[in-house]
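Asker:
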Amino acid sequence: MDSELKFLAEEIDRLIRLYQDTCLENTKLRQQLAETSARNERLTEKIHIASNRLETLLQHLPDHE
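Position 40 (the sequence shown) corresponds to 106 in our numbering; numbering is contiguous.
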């Protein structure tokens with residue numbers, strides 16, 4: 067009986083550690099996702115700006131028809 071209780075206690079401790087590790091990893095992943103999303107938004111904005119500039123430049127080129 068003692069060995070069974072000891073085994074259960076060890077398993078509970080292991081599960082608690084796994085839960086805590088998972089919580090930490092989840093927090094890190096959420097932070098990475100937020101940072102990546104923000105970077106993606108900045109890059110998308112830069113692409114739009116560059117696209118608009120290119121479109122403006124193309125409109126000012128003379129036609130060679």
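All residues carry an ideal CB built from backbone N, CA and C; glycine is no exception.
(1) Starting from Leu-124, follow the alpha helix (DSSP H) in both directions and report where the run begins and ends.
(2) Measure the C-alpha to C-alpha separation of Glu-77 and Gln-86 and round it to an integer number of angstroms.
(3) Against chain B, with Cβ distances strictly below 8 Å, would Leu-84 count as a contact?
Answerer: For this structure:
(1) Element bounds for Leu-124: 68-126.
(2) Put simply, the backbone Cα of Glu-77 is about 14 Å away from that of Gln-86.
(3) Here there is only one protein chain, and chain B is not present.
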